[in-house]
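>
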Amino acid sequence: MKKETFCRYIRQYETDMFRFAKSIVGTQADGEDAMQESILKAYENIDTLRSRRKFKAWIFQILANECYQILRNRKRQEPTDPFEFPEQEHSSDYWTEDMVSEDGEILSYILRMPKQHQEVLILYYYDEFSTKEIAKILDIPQGTVKSRLARGRKQLKDLLEMEGEGAYEGA
Numbered sequence: 805m806k807k808e809t810f811c812r813y814i815r816q817y818e819t820d821m822f823r824f825a826k827s828i829v830g831t832q833a834d835g836e837d838a839m840q841e842s843i844l845k846a847y848e849n850i851d852t853l854r855s856r857r858k859f860k861a862w863i864f865q866i867l868a869n870e871c872y873q874i875l876r877n878r879k880r881q882e883p884t885d886p887f888e889f890p891e892q893e894h895s896s897d898y899w900t901e902d903m904v905s906e907d908g909e910i911l912s913y914i915l916r917m918p919k920q921h922q923e924v925l926i927l928y929y930y931d932e933f934s935t936k937e938i939a940k941i942l943d944i945p946q947g948t949v950k951s952r953l954a955r956g957r958k959q960l961k962d963l964l965e966m967e968g969e970g971a972y973e974g975a
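Residues in the sequence shown are numbered from 805 upward in steps of one, following my numbering.
(1) Consult DSSP for Leu911 and reduce its assignment to one of helix, strand or coil.
(2) Can you tell me whether DSSP reads Ser855 as helix, strand or coil?
(3) Where does Ser951 land, buried or exposed, given buried means 16+ other C-beta within 10 angstroms?
(4) For Arg857, is the classification buried or exposed, using 16 other Cβ atoms within 10 angstroms of its Cβ as the cut-off for buried?
(5) Considering Cα atoms alone, identify which of Ala868, Arg815, Leu911 and Ile910 is closest to Ile989.
(6) Tell me where the alpha helix (DSSP H) around Met839 begins and ends.
(7) What is the C-beta distance between Tyr930 and Leu953, in whole angstroms, given that I count them as a contact (C-beta under 8 Å)?
(8) Inspect the CB distances between the segment 912-920 and the segment 810-819 and report whether three or more fall short of 8 Å.
(9) Measure the C-alpha to C-alpha separation of Trp862 and Leu853 and round it to an integer number of angstroms.
(10) Can you give me the start and stop residues for the alpha helix (DSSP H) that Asp820 sits inside?
(11) Would you decide whether Leu964 is buried or exposed? Buried here means 16 or more other CB atoms lie within 10 Å of its CB.
(12) Just to check my reading of the structure: Glu870 and Ser827 have Cβ atoms closer than 8 Å, yes? What is that Cβ distance to the nearest angstrom?
(13) How long is the line joining the alpha carbons of Arg878 and Leu942, rounded to whole angstroms?
(14) Consult DSSP for Phe933 and reduce its assignment to one of helix, strand or coil.
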């Protein structure tokens, strides 16, 4: 694959990649680091890509691995003093307006869910991966993806219904 083609693919998916990375690692800086490292690793290993049609799933798998590496490194660096906690960005606060489409309200509900549900819902609905591709990206069985999707959908429905009821209580 030529450098220009690689760059075109990266530009095509960079918003989705950043949204996904940030949803896993939790901060903008770590999301950017994960993206940079992933793009570099992908470029260095482009010869392992078997088909251009699989580029998106391939780059997201590299990105997911890099995100989990950042989380592992962060866990190793956690402070031993229980009163020394680094400030963390809250998940609902680190999504910029340009990352949230017209269905941003739904995304705000997804961001209230556990990480494992966030990941599969974002990859499935926002990045349009199949359950098989998500399983490969996250390195989990396809059945696990399906059950997380089902639980995530139920939790999303419950959140939306609960919010809807709260909106009508004052009327």
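The beta-carbon is built from N, C-alpha and C at its ideal position, and this holds for glycine as well.
On the basis of the coordinates in this document:
(1) helix
(2) coil
(3) exposed
(4) exposed
(5) The question about residue 989 has no answer here: the residues shown for the chain are numbered 805 through 975.
(6) Gln832 to Glu848
(7) Their Cβ separation, rounded to whole angstroms, is 13 Å, which puts Tyr930 and Leu953 out of contact at 8 Å.
(8) no
(9) 7 Å
(10) Lys807 to Val829
(11) exposed
(12) Incorrect: roughly 14 Å between the Cβ atoms, too far for contact.
(13) 19 Å
(14) coil
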